[in-house]
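Novice: Below you will find the structure I want to go over with you.
There are 2 protein chains.
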Amino acid sequence: MTTTQISGVTVATQANVYFDGKCVSHSLTLADGTKQSVGVVLPAELTFKTGAAEIMECVAGGCEYRLAGSTEWKRSGPGERFSVAANSSFDIRVSEAYHYICHFG
Amino acid sequence: MTTTQISGVTVATQANVYFDGKCVSHSLTLADGTKQSVGVVLPAELTFKTGAAEIMECVAGGCEYRLAGSTEWKRSGPGERFSVAANSSFDIRVSEAYHYICHFG
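From first to last, the protein sequence lines stand for chains A and B. Going by full-length UniProt numbering, 72 is the number at position 72 of the first sequence; the sequence numbering is gapless. Going by full-length UniProt numbering, 2 is the number at position 2 of the second sequence; the sequence numbering is gapless.
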């Protein structure tokens, strides 16, 4: 079951642009104060660092990811999630596009 | 006065990706049913076609734009808007990034 929309949110109008636009997201604040973002990673191989812990939820497309300290690439597709520890990192490779919700904390 | 956030919206989680990612937006539905999108145009020179009429509101960065049938390039920066007729087009050139809200209809 993929999450196609999120209701009752406040959206920051200025996008977050990472890696020369290979990743673009918009920050959301939910009604209960929870912070999330919705974004897309375009075809690329990138390394993301985390501050807070994150859960990455795929809503369309897909990616392969490799958590810090792991040698194994895993796939993540629509409706699937993976977790990343705080103050860590993960590698991601995308061949088409990876549309996601990032849940923080 | 720039619009930094929009509250009480439903956001579509899958991004709209145009021109190989030179333009990325997320679609919004406001509480009253109004449709908008928030997006960013990265450095590029592009031509956008309209279906419905659009008002483009700059929230950060800036662009130059040229409406269909015009020879004149105009600048649009934070807090400024320009209108595009339905079933028309406009050229846009961006040297850093142009963050916008698109108001439809």
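Ideal Cβ placement from N, Cα and C applies to all residues, glycine included.
For Glu80 (chain B), which residues from the same chain have a beta carbon less than 6 Å from its beta carbon, with the 5 sequence-adjacent residues on both sides left out?
Specialist: Result list for Glu80 (chain B): Cys58, in chain order.
Novice: How about Ala6 (chain A): is its C-beta nearer than 8 Å to some C-beta of chain B?
Specialist: First, the residue type needs correcting, since residue 6 (chain A) is Ile and not Ala in the sequence shown. For Ile6 (chain A), the answer is yes, since a Cβ of chain B falls inside 8 Å of its Cβ.
Novice: According to DSSP, what are the bridge partners of Leu67 (chain B)?
Specialist: Its beta-bridge partners are B:Phe90.
Novice: Please list the residues of the segment 6 to 28 of chain B that have a C-beta atom closer than 8 Å to any C-beta atom in chain A, keeping them in chain order.
Specialist: Flagged, chain order: Ile6, Ser7, Gly8, Val9, Thr10, Val11, Ala12, Thr13, Gln14, Ala15, Val17, Asp20, Gly21, Lys22, Val24, His26 and Leu28.
Novice: How close, in whole Å, do the beta carbons of Ala44 (chain B) and Val94 (chain B) come, if the pair is a contact with beta carbons under 8 Å?
Specialist: About 6 Å separates the two Cβ atoms, so the contact holds.
Novice: Got a sec? Which residues, its chain only, sit under 8 Å from Ala97 (chain A) by beta carbon, not counting five neighbours each side?
Specialist: Closer than 8 Å at Cβ, skipping near neighbours: Val40, Val41, Leu42, Pro43, Ala60 and Gly61.
Novice: Please go through the same chain and pick out, in chain order, the residues whose beta-carbon is closer than 6 Å to the beta-carbon of residue 170 (chain B), but skip the five residues on each side of it.
Specialist: Because residue 170 (chain B) is not part of the residues shown, which for chain B are 1 to 105, the question remains open.
Novice: Please go through the segment 22 to 76 of chain B and give each complete alpha helix (DSSP H) segment of 4 or more residues, from N-terminal end onward.
Specialist: Taking only runs of at least 4 residues, no alpha helix (DSSP H) segment lies wholly in the segment 22 to 76 of chain B.
Novice: Would you say His103 (chain A) faces chain B, with C-beta separation under 8 Å as the test?
Specialist: So no, His103 (chain A) is outside the interface.
Novice: Would a check of beta-carbon distances place Gly39 (chain A) closer than 8 Å to chain B?
Specialist: Yes - at least one Cβ of chain B is within 8 Å of the one on Gly39 (chain A).
Novice: Would you call residue 111 (chain B) buried or exposed, if buried means 16 or more other Cβ atoms sit within 10 Å of its Cβ?
Specialist: Residue numbering for chain B in the displayed model covers 1 to 105; residue 111 (chain B) lies beyond these limits and cannot be assessed.
Novice: Thr3 (chain B) versus chain A: which residues are under 8 Å apart at the beta carbon?
Specialist: Near Thr3 (chain B) (Cβ distances below 8 Å), the residues of chain A are Thr13.
Novice: Buried or exposed: where does Ser7 (chain A) fall if 16 or more other Cβ atoms within 10 Å of its Cβ makes it buried?
Specialist: By the neighbour-count rule (16 or more Cβ atoms within 10 Å), Ser7 (chain A) is not buried but exposed.
Novice: Taking Cβ positions, are Val38 (chain A) and Ser25 (chain A) nearer each other than 8 Å?
Specialist: Cβ atoms of Val38 (chain A) and Ser25 (chain A): closer than 8 Å.
Novice: Quick check: what's the CA-CA separation for Thr2 (chain A) versus Ser89 (chain B)?
Specialist: Going from the Cα of Thr2 (chain A) to the Cα of Ser89 (chain B) covers about 34 Å.
Novice: Less than 8 Å between the C-beta atoms of Phe104 (chain A) and Gln5 (chain A), yes or no?
Specialist: Their beta carbons are not under 8 Å apart, which means Phe104 (chain A) does not touch Gln5 (chain A) by this criterion.
Novice: What does a CB cutoff of less than 7 Å around Glu72 (chain B) pick up in its chain, not counting 5 residues either side in sequence?
Specialist: The residues are Arg66.
Novice: List the endpoints of the continuous beta strand (DSSP E) containing Ala12 (chain B).
Specialist: Where Ala12 (chain B) is concerned, the enclosing beta strand (DSSP E) stretches over Gln5 to Ala12.
Novice: Beta strand (DSSP E) containing Ser95 (chain A): first to last residue?
Specialist: Ser95 (chain A) -> no beta strand (DSSP E), and no H or E assigned at all.
Novice: Is it true that the CB of Gly33 (chain B) sits closer than 8 Å to the CB of Asn87 (chain B)?
Specialist: Not in contact: Asn87 (chain B) and Gly33 (chain B) (Cβ atoms no closer than 8 Å).
Novice: Are the Cβ atoms of Asp91 (chain B) and Thr29 (chain B) separated by less than 8 Å?
Specialist: Cβ atoms of Asp91 (chain B) and Thr29 (chain B): not closer than 8 Å.
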